[in-house]
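Participant: Using full-length UniProt numbering, the first residue of the sequence shown is number 1, and each one after it goes up by one. No residue lacks a Cβ here, since even glycine has one placed at the ideal position from N, Cα and C. All figures in this text were calculated on a predicted structure; none of them were measured in a lab.
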Amino acid sequence: MLELGFVSAILAEKSFEEVIDFAANEKFSCVEIMCWPKGKAERRYAGVTHIDVANLDDKTVAHIKDYQNKKKVYVSGLGFYPNPMDPDEKVADNALSHIMSVIDGAEKLGIPVVNTFIGRNPALNIADNLSLFEERFPKIIKHASTKGIKIGIENCPMFFTDDEWPGGKNLAISPAIWDKMFTIIPDANFGLNYDPSHLVWMQMDPVQPIYDYKERLHHIHLKDVKVYQEKLNRVGILANPLEYHSPKIPGLGDVPWGRFFAALTDVGYRGPCCIEVEDKAYEKSEADVNMAILTARNYLRQYIPFREA
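1. CA-CA distance, residue 278 and residue 257?
2. Going by alpha carbons, who is nearest to residue 63 out of 241, 196, 16 and 135?
3. Is it the case that the Cβ atoms of residue 14 and residue 50 are separated by a distance below 9 Å?
4. What are the start and end residues of the alpha helix (DSSP H) that includes residue 197?
5. Kindly list the residues whose CB is nearer than 8 Å to the CB of residue 225, restricted to its own chain and excluding five residues on each side of it in sequence; keep chain order.
6. Three or more C-beta pairs under 8 Å: does that hold for the stretch 144-151 against the stretch 223-237?
7. Are three or more beta carbon pairs between the stretch 171-178 and the stretch 94-101 nearer than 8 Å?
8. Tell whether a beta-carbon distance below 9 Å holds between residue 93 and residue 53.
9. Residue 275 and residue 80 - do their beta-carbons sit closer together than 9 Å?
10. Start and end of the beta strand (DSSP E) containing residue 78?
11. Closest by CA to residue 204, which one among 158, 173 and 69?
12. Between which two residues does the beta strand (DSSP E) holding residue 7 run?
13. Hey, residue 263 and residue 210 are a contact pair by Cβ (cut 8 Å); roughly how many whole angstroms apart?
14. Roughly how many angstroms lie between the CA atoms of residue 306 and residue 281, to the nearest whole one?
15. Starting from the Cα of residue 195, find the closest Cα among 162, 183 and 156 and give me that residue.
16. Which same chain residues, not among the five before or five after residue 134, have their C-beta less than 6 Å away from its C-beta?
17. Could you give the residue range of the beta strand (DSSP E) that holds residue 311?
18. Please report how far the alpha carbon of residue 324 lies from the alpha carbon of residue 141, in whole angstroms.
19. For residue 164, I'd like the list of residues in its chain whose CB is within less than 7 Å of its CB, leaving aside the five on either flank, ordered along the chain.
20. Name the DSSP bridge partner or partners of residue 113?
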């Protein structure tokens, strides 16, 4: 069955236990837990460390497993979303190294999925970035395969403002590129952490990929997006994307959720669907953040009813 959860990044100030407590109290089945290395975040929703994979001794592993079981909430995946193809080689190498550590942590914890980005050098074209991908990513997928871990690549372009101009910071943005990625690395454990909202603002069908990549759906993100047509009419598609769209919680944007969930059930997807809150309208206070998660939950319950664990 489909399992409703949320991404822990929005609860950045809470501990692992507090995140799981919130999920249990609000009748969520699962949580995607953020595993950034300890340190200062460089962007919104980054730098959140609800599990520190660098310090996973046997006692900590046992506690994390026991706490999930006690609260009847499971960790759907470990999340870390850096740029492993950053033009700064030190940044890229650190990202790759920590992805490996997250994979090791997932194995210790018995968590089957690690979610991340491919990354991208924004100044290079797609062909050159694919060459970088072929150099850097096979070792990650092979390492994950030996540990029995699936890798879910989120399809966010990571292009919002001048900071990511001109190409964004994540290569895995479209079916055409996914095909090239999966040709280079055909391993079955290499797949998608699919978020339909990104295709909507790029003027693409967010539902067809569910059918086309049903064997590659390792995890699902539930985020909505509002495209402001009047703004797009003024600035055009070559403008920085946040000039004409805004991330929203599910139900408040343009994602066709009925068709989306029909497709998931058509292809027999059985697994986590995690709400990702990046809606600035719900960020002024802790109460706003909680309201965002619960409003999205209430909307999505028409598609994923609550079931007792």
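Facilitator: Considering the structure as presented:
1. 18 Å
2. 16
3. yes
4. 197-201
5. 197, 198, 200, 201, 245, 246, 247, 248, 253, 254 and 255
6. no
7. no
8. No.
9. One thing to note: residue 80 has its Cβ no nearer than 9 Å to the Cβ of residue 275.
10. In the DSSP assignment, residue 78 falls within the unbroken beta strand (DSSP E) covering 74-79.
11. 173
12. Judged by DSSP secondary structure, residue 7 falls within the beta strand (DSSP E) whose first and last residues are 3-7.
13. Residue 263 to residue 210, Cβ: 4 Å. Contact.
14. 27 Å
15. Nearest to residue 195 by C-alpha distance, out of 162, 183 and 156, is 156.
16. 184
17. Lying before the first or after the last residue shown, residue 311 is absent from the chain, which here runs from 1 to 309.
18. Residue 324 falls outside the range modelled here, since the chain spans only 1 to 309, and no answer is possible.
19. 122 and 158
20. Answer is 150.
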